[in-house]
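Asker: Take the position in the sequence shown, starting the count at 1, then add 1388; the result is the number in our numbering. Just so you know, even glycine gets a beta-carbon here, dropped at the ideal spot from N, CA and C. Structure in structure tokens, see below.
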Amino acid sequence: MTTHTKKDKQYRVTIEEINADQEAAQTLQFEYQDREDLFTLVDKLKQGSGLEPEHVNRVAVALRLLGPVMMHNRKHALFADFMPHFKNFMQHLKSTVKESMKK
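Have a look at this one:
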């Protein structure tokens, strides 16, 4: 069970399949807590990442969903080899955004 602190943000993610047969469309929904403000992260990535605007939302959500799970399970065989690369990627992304915001 995840503990919730006052500083945590609460989010609900809904994924809806879009197709012609709306009655057969699938939906996936879950809630999660995060210490980061996802909307602030999206704004910063839009301003400083150099990514195309249509990709920013997906990258921001993906990072904030995957990152905490990896940290919690960093010794798990699925993540052990990837963790150093993810850490390097995050450091590079943060420095890129930070430098871009200075300009």
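In terms of residue numbering, what span does the beta strand (DSSP E) encompassing Glu1404 cover?
Answerer: Reading the sequence shown from its first residue, position 16 is the one you call residue 1404. Its beta strand (DSSP E) spans residues 1397-1404.
Asker: Where Met1458 and Asn1407 are concerned, what is the direct C-alpha to C-alpha distance, given to the nearest angstrom?
Answerer: Mapped onto the sequence shown, residue 1458 falls at position 70. Mapped onto the sequence shown, residue 1407 falls at position 19. Straight-line Cα distance between these residues: approximately 32 Å.
Asker: For the region 1399-1406 and the region 1416-1430, state whether three or more C-beta atom pairs, one from each stretch, are separated by less than 8 Å.
Answerer: Short answer: they touch.
Asker: Lys1395: buried (16+ other C-beta within 10 angstroms of its C-beta) or exposed?
Answerer: Against the sequence shown, residue 1395 aligns to sequence position 7. Exposed, because fewer than 16 other Cβ atoms sit within 10 Å of the Cβ of Lys1395.
Asker: From Ala1448, Glu1405, Ser1437, pick the residue whose C-alpha is nearest to that of Gln1414; which is it?
Answerer: Residue mapping note: residue 1414 aligns to position 26 of the sequence shown, counting from 1. That would be Glu1405, whose Cα lies nearest to the Cα of Gln1414.
Asker: Could you check the C-alpha separation between Lys1490 and Thr1484 for me, to the nearest Å?
Answerer: Counting from 1 along the sequence shown, the entry for residue 1490 is found at position 102. Counting from 1 along the sequence shown, the entry for residue 1484 is found at position 96. Roughly 10 Å separates the two Cα atoms.
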